[in-house]
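*Asks:* Structure in structure tokens, see below.
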Amino acid sequence: MTSTVSPSSTTLQLVEAMAARLDAAGVSFGHGTTNAFDEAAWLVLWQLGHALDALDEVAEAPVAPEAAAQVEALVQRRIDTRRPAAYLTGEAWLQGVPFHVDERVIVPRSFIAELLADAELGAELDAWLSPDTRRVLDLCTGNGSLAVLSAMAFPDIEVDAADLSTDALAVARINVDRHDLGGRIRLVESDGLSAPALAGPYDLILCNPPYVNAQSMAALPPEYLAEPQIALAGGSDGMDFVRQLLKDAPSRMSPEAVLVLEIGNEREHFEAAFPQLEAIWLETSAGHDQVLLLTRAALSRLAEA
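Residues in the sequence shown are numbered from 1 upward in steps of one, following full-length UniProt numbering.
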């Protein structure tokens, strides 16, 4: 690899040079960043040992040639392997909270996190919750990030965090312990809601399930294919897991409970699969098409139809 970095580069100049290299290589983003500059800043700051929000503070700081070479090597690994940056750093941030990440789990990026940690965006969800909300289920918990954010957002609740993958639950354990929440978050191995331990009743169910339809799966870039496919693939229309969930959920919910479900870019397929279901679409930074809320009453009517 031939260096394209000046021996007297500042941190900002190094970020700009690495962003140009990422752009030229045609890598794909979406695992914590959406563009080459932000991805380069993440990798540069992490490799140099700076906080990920410290670019303004260290922008003009000179970078020693040896350190710059280490940054270049890291960025080249990102290009050569097409692995998400979070797998290279072993860490991802969601709503300002750090989480351990490795290839056993998908990189956390759920928009449900905004509803838990952002006061403005979360106000709509809060309006649906009872003051008596005490039991929360994070289904398809992955690395446990939504369970952790839930426990942080609602100090009086207890959370069950469930996943089919024992590998994912091992990573979730790391994050639950990292944030000292072992006393309030219980990890449960379960295929959907099948485990007896998930009998409930729950006042709030959160779920970011596998929902990518088969056509989209076939077109995913390598960065997404580096993630566990069990956490992404949702069948021909992306709704395989969701169909079973909506059947099973009412019996696990308290009378006033709600289910918050993320379906990504699959709203068209969701509405085609459940045309009579009364869904409330919640606003996130991605708009009104990614996350929806379902009441127990609406789910019960669906089951009776």
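We put the CB at the ideal spot given by N, CA and C, even for glycine.
Using alpha carbons as the reference points, say which of GLY142, ALA297, ASP132 and THR10 lies closest to GLU57.
*Replies:* Out of GLY142, ALA297, ASP132 and THR10, THR10 has the C-alpha closest to the C-alpha of GLU57.
*Asks:* Can you give the Cα-Cα distance for ASN208 and ASP180, rounded to whole angstroms?
*Replies:* Distance between the alpha carbons of ASN208 and ASP180 is about 23 Å.
*Asks:* Whose C-beta lies closer than 6 Å to the C-beta of LEU259 among residues of the same chain, with five residues either side of it excluded?
*Replies:* Excluding positions up to five away in sequence, the list reads ILE205, ALA249 and LEU294.
*Asks:* Which residue marks the beginning of the alpha helix (DSSP H) containing TYR202, and which one marks its end?
*Replies:* Where TYR202 is concerned, there is no enclosing alpha helix (DSSP H), although the beta strand (DSSP E) it sits in stretches over 202-207.
*Asks:* Counting beta carbon pairs with one atom in the stretch 13-21 and one in the stretch 29-45, are three or more of them shorter than 8 Å?
*Replies:* The stretch 29-45, when compared against the stretch 13-21, does touch it at the 8 Å Cβ threshold.
*Asks:* Looking only at its own chain, which residues have a Cβ that is under 8 Å from the Cβ of THR141, when we skip the five neighbours before and after it?
*Replies:* Same-chain partners within the cutoff: ALA147, ALA161, ALA162, ASP163, ALA168, LEU169, ALA172 and LEU187.
*Asks:* In the DSSP assignment, find the unbroken beta strand (DSSP E) run with MET253 in it and report its ends.
*Replies:* Looking at the DSSP string, the run of the beta strand (DSSP E) that includes MET253 is 253-262.
*Asks:* Would you mind giving the Cβ-Cβ distance between GLU266 and SER28, rounded to the nearest angstrom? I have them listed as a contact below 8 Å.
*Replies:* Actually they do not touch by this definition, with Cβ atoms about 19 Å apart.
*Asks:* Could you tell me if GLN215 is buried or exposed, where buried requires 16 or more neighbouring beta carbons within 10 angstroms of its beta carbon?
*Replies:* Exposed, because fewer than 16 other Cβ atoms sit within 10 Å of the Cβ of GLN215.
*Asks:* Which residues in the same chain have their Cβ closer than 7 Å to the Cβ of ASP156, if we skip the five residues on either side of it in sequence?
*Replies:* If we look at ASP156 and ignore the five residues flanking it on each side, its Cβ neighbours are ARG134.
*Asks:* Three-state secondary structure (DSSP) at GLU158?
*Replies:* It is a strand residue.
*Asks:* Give the DSSP-derived three-state secondary structure of TRP281 in the structure shown.
*Replies:* In the structure shown, TRP281 sits in a strand (DSSP, three-state: E or B).
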